[in-house]
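*Asks:*
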Amino acid sequence: MKSIFYNPVCDFIMPDYGILIPIAPDRAKKIFEALKNKHPNLTFTDMSGVEIFSREDLERVHDKEYISKLLDDDKSLEQEMLKCFELVNELGEYHRYDPTIAKKSLISGFAIILKRVSMTYASSLKALETGFSYHFGAGMHHAMSFGGRGFGMLNDIVLTIRKLQAHQKIKTAWVIDVDAHKGDGTSELTKNDPTIITLSIHMKNGWPLDSGDPLKDPWFIPSNIDIEVDEHSNREYLSLLQKGLEKLKTNYPLPDLAIVVNGSDPYELDELPSTSLLKLTKEEMLQRDLMVFHFLEELKIPQSYVMAGGYGKHSHEIYQQFLEKIL
Ligand SMILES: [Zn+2]
């Protein structure tokens, strides 16, 4: 039985907080409703069974100083959120942020982020039981040990794996990251950890790799397998991914769990400007997702999915076509 983890209380509706990033705030809801038409038994996840991450859980992955900024002081929490969602420009002015239209305070959104982290864990636990689970949210792969970045405050992927390890549910995991942007937070957090093997296929240029300075910037810390795709090699994306997966299988022992960071932002209709170097068609996106799914299924590795990046009014199509195919 394949499981879906979704509850609208976990939707981080950015405009409610005054954030004007073009992430379609209702994409998870849309997908859920479309799937429910065909699978009437689908229900919202019961949040009473989702244990919210504690300070101890968070400190397994992120620096104590950073976690203290988030949990102990509202002012520093607000600053960290402004930084993470890039809501202040170099001149110190608000950018893509208008608190005057906000219905809720920015910092009240942190509780939702924590819920989303906890849902990734709950969903992954389910995947260990059933073989497949999909959480309609999270995938905050840019969050690093020292802080949030790129719309991700907390790295739910590594947080989930470390908690599963601490509770002796798994020993090892793979992270397969197919978001358009490099899974740089994940690689930074796991660089000295042989129990977590990371593969990231992403845009060769552009954010977060645009400074071009691998010696200075932690976002260049390599994953175990990095596959770089440039604007001229879009049509080779699928064969590059296939080779990467083969390498993963050949070079590393099979893990107890795989987390798939299933960003839909390589899609040609994605609306975030920083994803424009990847332009996969809808059909290529389906082939991508089925390739990863069948690869893990054949190896009998439990698979837990998170949504990650996907921006604009078409992003839901990608998740929907994949899930309609496999459910
Ligand atoms: Zn992305």
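At position 41 of the sequence shown the residue is numbered 40 (numbering that gives the first Met the number 0), and the sequence of numbers has no breaks.
Glycine included, every Cβ here is placed at the ideal spot set by N, Cα and C.
The structure displayed is predicted, hence computed values, not measured ones.
Between Y304 and L76, what straight-line distance do the alpha-carbon atoms span, to the nearest angstrom?
*Replies:* For this step, residue 304 is matched to residue 305 along the sequence shown. For this step, residue 76 is matched to residue 77 along the sequence shown. Roughly 28 angstroms separates the two Cα atoms.
*Asks:* Evaluate the contact criterion for the stretch 311 to 323 versus the stretch 260 to 276: three or more CB pairs, one atom per stretch, below 8 angstroms.
*Replies:* yes
*Asks:* Would you tell me roughly how many angstroms separate the C-alpha atoms of M202 and E230, rounded to the nearest one?
*Replies:* In the sequence shown, the residue the question calls residue 202 occupies position 203. In the sequence shown, the residue the question calls residue 230 occupies position 231. Cα to Cα, M202 sits roughly 8 angstroms from E230.
*Asks:* According to DSSP, is H293 helix, strand or coil?
*Replies:* Reading the sequence shown from its first residue, position 294 is the one you call residue 293. In this structure, H293 counts as helix in the three-state DSSP scheme.
*Asks:* Within its chain, find whatever has a CB closer than 7 angstroms to the CB of L70; leave out the 5 residues flanking it on each side and keep chain order.
*Replies:* Against the sequence shown, residue 70 aligns to sequence position 71. Only residues of its own chain outside the window of five on either side were considered, and among them R54 have a CB closer than 7 angstroms to the CB of L70, listed in chain order.
*Asks:* Would you say G262 touches ligand 1, meaning its beta carbon is less than 8 angstroms from a heavy atom?
*Replies:* For this step, residue 262 is matched to residue 263 along the sequence shown. Yes.
*Asks:* In this structure, does DSSP put L277 in helix, strand or coil?
*Replies:* Taking the first residue of the sequence shown as position 1, residue 277 is located at position 278. If DSSP states are grouped into helix, strand and coil, L277 belongs with coil.
*Asks:* Exposed or buried, what is D212 when buried is set at 16 or more other beta-carbons lying within 10 Å of its beta-carbon?
*Replies:* The residue given as residue 212 occupies position 213 in the sequence shown. That one is exposed.
*Asks:* With a threshold of 8 angstroms, are at least 3 pairs of Cβ atoms found where one atom belongs to the stretch 120 to 127 and the other to the stretch 158 to 167?
*Replies:* Three or more Cβ pairs closer than 8 angstroms define a contact, and the stretch 120 to 127 meets that threshold against the stretch 158 to 167.
*Asks:* Going by alpha carbons, who is nearest to I112 out of P98, K170 and L153?
*Replies:* Here residue 112 is taken as the residue at index 113 of the sequence shown, counted from 1. Nearest C-alpha to I112: L153.
*Asks:* Enumerate in chain order the residues of its own chain whose CB-to-CB distance from L81 is below 6 angstroms, with the five nearest sequence positions on each side excluded.
*Replies:* One-based indexing of the sequence shown puts residue 81 at position 82. Excluding positions up to five away in sequence, the list reads V87.
*Asks:* Nearest CA to the CA of W206: which residue from N233, D178 and L188?
*Replies:* Here residue 206 is taken as the residue at index 207 of the sequence shown, counted from 1. For W206, the nearest C-alpha among the options comes from D178.
*Asks:* Could you tell me how far apart the beta carbons of L188 and V60 are, in whole angstroms, since I believe they sit closer than 8 angstroms?
*Replies:* Here the question's residue 188 lines up with position 189 in the sequence shown. Here the question's residue 60 lines up with position 61 in the sequence shown. 6 angstroms between Cβ atoms; contact.
*Asks:* Do S232 and L240 count as a contact pair if the criterion is CB distance below 9 angstroms?
*Replies:* By 1-based counting over the sequence shown, the position of residue 240 is 241. By 1-based counting over the sequence shown, the position of residue 232 is 233. No, the pair does not count as a contact, with Cβ atoms beyond the cut-off.
*Asks:* Comparing C-alpha positions only, which one of E235, T197, K170 and F109 sits nearest to K220?
*Replies:* Within the sequence shown, residue 220 is the residue found at index 221, counting from 1. According to the sequence provided, residue 220 is Ile. The question's Lys does not apply to it. Closest by alpha carbon: T197.
*Asks:* With S2 as the anchor, note down where its beta strand (DSSP E) starts and where it stops.
*Replies:* As a working note, residue 2 is residue 3 in the sequence shown. From DSSP, the beta strand (DSSP E) with S2 extends over S2 to F4.
*Asks:* Indicate the three-state DSSP secondary structure (helix, strand or coil) for S314 in the structure shown.
*Replies:* Taking the first residue of the sequence shown as position 1, residue 314 is located at position 315. In the structure shown, S314 sits in a helix (DSSP, three-state: H, G or I).
*Asks:* Given P301, which residues of its chain have a CB within under 6 angstroms of its CB, disregarding the five upstream and five downstream residues?
*Replies:* Indexing the sequence shown from 1 puts residue 301 at position 302. Closer than 6 angstroms at the Cβ level, and outside the excluded window around P301, lie A126, L127, G130 and L256.
*Asks:* Should A142 and G184 be called a contact, given that it needs their Cβ atoms to be closer than 9 angstroms?
*Replies:* In the sequence shown, residue 142 corresponds to position 143, counting from 1. In the sequence shown, residue 184 corresponds to position 185, counting from 1. Yes, these two residues count as a Cβ contact at 9 angstroms.
*Asks:* Give the straight-line distance between the Cα atoms of I18 and N250, rounded to the nearest whole angstrom.
*Replies:* In the sequence shown, counting from the first residue as 1, residue 18 sits at position 19. In the sequence shown, counting from the first residue as 1, residue 250 sits at position 251. Using only the alpha carbons, I get a separation of about 43 angstroms.
*Asks:* Excluding five sequence neighbours on each side, which residues of the same chain lie with their C-beta closer than 7 angstroms to the C-beta of P217?
*Replies:* Counting from 1 along the sequence shown, the entry for residue 217 is found at position 218. Around P217: M143 and E187.
*Asks:* Express the C-alpha separation of I169 and S199 in angstroms, rounding to a whole number.
*Replies:* The count along the sequence shown starts at 1 and reaches residue 199 at position 200. The count along the sequence shown starts at 1 and reaches residue 169 at position 170. Cα-Cα distance, rounded: 22 angstroms.
*Asks:* What are the boundary residues of the alpha helix (DSSP H) that includes I66?
*Replies:* Position 67 of the sequence shown, counted from the start, is the residue given in the question as residue 66. For I66, the enclosing alpha helix (DSSP H) stretches over residues K63 to D71.
*Asks:* By DSSP, does T185 sit in helix, in strand, or in coil?
*Replies:* The residue given as residue 185 occupies position 186 in the sequence shown. In the structure shown, the three-state DSSP call for T185 is helix.
*Asks:* T44: buried (16+ other C-beta within 10 angstroms of its C-beta) or exposed?
*Replies:* Start at 1 with the first residue of the sequence shown, and residue 44 comes out as number 45. With 16 or more Cβ atoms within 10 Å of its Cβ, T44 is classed as buried.
*Asks:* Secondary structure at G151, three-state DSSP: helix, strand or coil?
*Replies:* Translated into positions along the sequence shown, residue 151 becomes position 152. In the structure shown, G151 sits in a strand (DSSP, three-state: E or B).
*Asks:* Between which two residues does the beta strand (DSSP E) containing I258 stretch?
*Replies:* The sequence position of residue 258 within the sequence shown is 259, counting from 1. It spans L256 to V260 - the beta strand (DSSP E) in which I258 sits, taken as one unbroken run.
*Asks:* Can you give me the start and stop residues for the alpha helix (DSSP H) that E227 sits inside?
*Replies:* Residue mapping note: residue 227 aligns to position 228 of the sequence shown, counting from 1. Run containing E227: none in the alpha helix (DSSP H); it sits in the beta strand (DSSP E), I224 to V228.
*Asks:* Taking just the CA atoms, how far does I258 sit from L214?
*Replies:* One-based indexing of the sequence shown puts residue 214 at position 215. One-based indexing of the sequence shown puts residue 258 at position 259. So the two alpha carbons sit approximately 28 angstroms from each other.
*Asks:* Between the alpha carbons of N191 and P254, how many angstroms are there, rounded?
*Replies:* Within the sequence shown, the letter at position 192 stands for residue 191. Within the sequence shown, the letter at position 255 stands for residue 254. Using only the alpha carbons, I get a separation of about 17 angstroms.
*Asks:* Taking A126 as part of the beta strand (DSSP E), name the residues at either end of that continuous run.
*Replies:* The residue given as residue 126 occupies position 127 in the sequence shown. Note, A126: premise wrong, no beta strand (DSSP E); alpha helix (DSSP H) at F109 to T129.
*Asks:* For S321, tell me which candidate among I156, D176, P252 and Y133 has the shortest Cα-Cα distance.
*Replies:* Position 322 of the sequence shown, counted from the first residue, corresponds to residue 321. Reading off the sequence shown, one finds Phe at residue 321, where the question assumed Ser. Cα-wise, what sits closest to F321 is Y133.
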